[in-house]
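Residue numbers (the UniProt record's numbering): 1 to 301. Just so it is clear, CB atoms sit at the ideal spot from N, CA and C, and this is done for glycine as well. Only a predicted model underlies this, so the values are computations on that prediction, with no experimental measurement involved.
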């Protein structure tokens, strides 16, 4: 991996809003980048290599937030404003599902090892589970005011992991709903993004501490500060196929690459003014992509 990443930006803005979260899903020619327009209620699909941009309208105030590939060749997403879970097929057909708890503020979502969709409910502090057939289960957290945020399937096939933003911890969520919290060393770290590496380590961004934390399989937590930790505001994180850990630094408009041992390999400024990077993932072309709320998707080489 080069120490100085090269960026190629693609304009996907529409109506003054830009992309927030993104994930790889079905599309012409082997796959596409799917992303949310949280500001005006749409889902976007971008096919790298000239396949074009398509957007699919939802309710303007529904606030689609995080999305994930489902177990059924569709994309599933949270509607934070509408308090629902959405499903969009490869051809753009949308269905919505209402959890038992109204106005729950769903945010993070991931496909679990059991083939169900798991999601966080920020407002009541719960973890939700939704089968592709539409059956819900909700699991309360034992940590008051935890504000569960993003979540990801674990490497062991037996659990998921989520960030507890206001409890300043990461939590293991077993498939029976049992939650085990692991506090982070820095008080007030406010973790948001979360990812799992091939060795089973869990990585999370500490948006208020300007660092990434790694929870090793043996339970040890190591924090890795970013170069400008006072202003970086790291948001989302992903692990590339080669094991490199990538995150967005929303506060400084940068992307950061770390080696599996936490060594900073790159910390590069994105082009343009106020890029506001949020989501980051590996695209269908094998490259790392990030979503700029300014209105662009950026390929990182």
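Annotation: the continuous beta strand (DSSP E) that includes residue 281 extends over 277-282. Proximity to residue 279 across 232, 237 and 266 peaks at 237, based on C-alpha coordinates. In this structure, residue 281 lies away from residue 258, with their beta-carbon atoms at least 9 Å apart. With respect to the 9 Å criterion, residue 190 and residue 209 are classified as neighbours on the basis of their beta carbons. With the rule of 3 Cβ pairs closer than 8 Å, the segment 46-58 does not count as touching the segment 139-158.
Taking 9 Å as the cut-off, the beta carbon of residue 286 is found no closer than this to the beta carbon of residue 9.
Around the C-beta of residue 29, fewer than 16 other C-beta atoms lie within 10 Å, and the residue is accordingly described as exposed. For residue 134, same chain residues with a beta-carbon under 7 Å away, outside a window of 5 residues either side, are 97 in chain order. Contact between residue 63 and residue 79 holds, with the beta-carbon distance rounding to 6 Å and staying under 8 Å. Counting only the Cα atoms, residue 27 lies some 30 Å from residue 274. Residue burial annotation: residue 86 is buried, with at least 16 other C-beta atoms found within 10 angstroms of its C-beta. The residues 162, 164, 179 and 181, in chain order, have a CB closer than 6 Å to that of residue 171 in the same chain once the five nearest residues on each side in sequence are set aside. Taking 8 Å as the upper bound for CB-CB distance, residue 250 and residue 233 are in contact here, some 5 Å apart. Look at residue 20 here: in three-state DSSP terms it is coil, with no helix or strand label. Per the C-alpha coordinates, the member of 248, 301, 73 and 77 positioned closest to residue 109 is 77. Annotated three-state conformation of residue 182 is strand, per DSSP. Taking each of 263, 83, 177 and 123 in turn and checking the Cα distance to residue 166, the smallest one comes out for 123.
Within the segment 232-279, complete beta strand (DSSP E) segments of at least 3 residues are found at 234-239, 245-249, 254-258 and 264-269, given in chain order.
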